[in-house]
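These notes concern the structure reproduced below.
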Amino acid sequence: MEKTFLMVKPDGVQRNLVGEIVNRFERKGYRLAGAKLMQISDDLAKEHYGEHKERPFFGELVDFITSGPVFAMVWEGENVIATAREMMGKTNPSDAAPGTIRGDFGVTVGKNVIHGSDSPESAEREINLFFETSELVTYTKQDSAWIY
Ligand code: RTP
Ligand code: MG
């Protein structure tokens, strides 16, 4: 089953958007495989955003992502990597369509509420960077009398 790494950024946690964001992926039909509230270290931030290390905003990006707790998640399901990116909206919230997470809740590019893996290679790399295998759960939804 395809998996992706999603993370509510510090602005989303401060603004109490964790439940709203989890809700969107649950209602869409994806399955949560792992989640944790955590403080990102400077080293982890630099490794996670390594592809941007030459960019002028790299220092700000690392400072921001380590400025408070994040809610890290692994979600799974058909085509979840690309579909989650669609559900997040464009990087700059002012370009992101209404109905997307960044379009509905973001204002500035630096504080755009959510991170999501942008390819199968990034998803694998980021899941391994943030989660131990033992923290991920594989399960099937039970078709029983108590699920209506
Ligand atoms: P992310 O990695 O956080 O999911 O965002 P993304 O793929 O949509 O965008 P990416 O190009 O990977 O950029 C990573 C984050 O850097 C910040 N950024 N700031 N000041 C700027 O011009 C600028 N450009 C990008 C954004 O917070 C973006 O999410
Ligand atoms: Mg990115």
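Here UniProt numbering is used: the first residue of the sequence shown is 1, the next is one more, and so on.
The beta carbon of each residue, even a glycine, is placed where N, CA and C say it ideally should be.
For the beta strand (DSSP E) holding residue i, just list the boundary residues, first then last.
i      : result
Glu47  : Here Glu47 belongs to no beta strand (DSSP E); instead the alpha helix (DSSP H) covers Asp42 to His48.
Lys36  : Arg31 to Met38
Thr108 : Premise fails: Thr108 is in no beta strand (DSSP E) and is neither H nor E.
Count the other CB atoms, across all protein chains shown, that sit within 10 Å of the CB of residue i; report buried if there are 16 or more and exposed otherwise.
i      : result
Ala96  : buried
Met1   : exposed
Phe57  : exposed
Met38  : exposed
Arg85  : buried
Val107 : exposed
Helix, strand or coil: how does DSSP classify residue i here?
i      : result
Thr4   : strand
Pro120 : helix
Val80  : helix
Pro93  : coil
Val137 : coil
Phe131 : coil
For the alpha helix (DSSP H) containing residue i, name the first residue and the last one.
i     : result
Phe64 : Phe58 to Ile65
Gln14 : Pro10 to Gln14
Glu26 : Val18 to Lys28
Does the beta-carbon of residue i, which I'm using as the reference point, lie nearer than 7 Å to any heavy atom of ligand 1?
i           : result
residue 150 : With the chain running from 1 to 148 in the structure shown, residue 150 is simply not present.
Phe105      : no
Val80       : no
Gly110      : yes
residue 154 : No answer is possible for residue 154: it lies beyond the span of the chain, which begins at 1 and ends at 148.
Leu17       : no
Phe57       : yes
Thr91       : yes
Leu61       : yes
Looking at chain B, is there any beta carbon in it that lies within less than 8 Å of the beta carbon of residue i?
i     : result
Met87 : The chain labelled as chain B is not found in the depicted structure, where only one protein chain is given.
Handout entry: Neighbouring residues (CB closer than 7 Å to any heavy atom of ligand 2)
Key = Residues close to ligand 2 by the beta carbon criterion (under 7 Å to any non-hydrogen atom) are, from first to last along the chain, His115 and Asp118.
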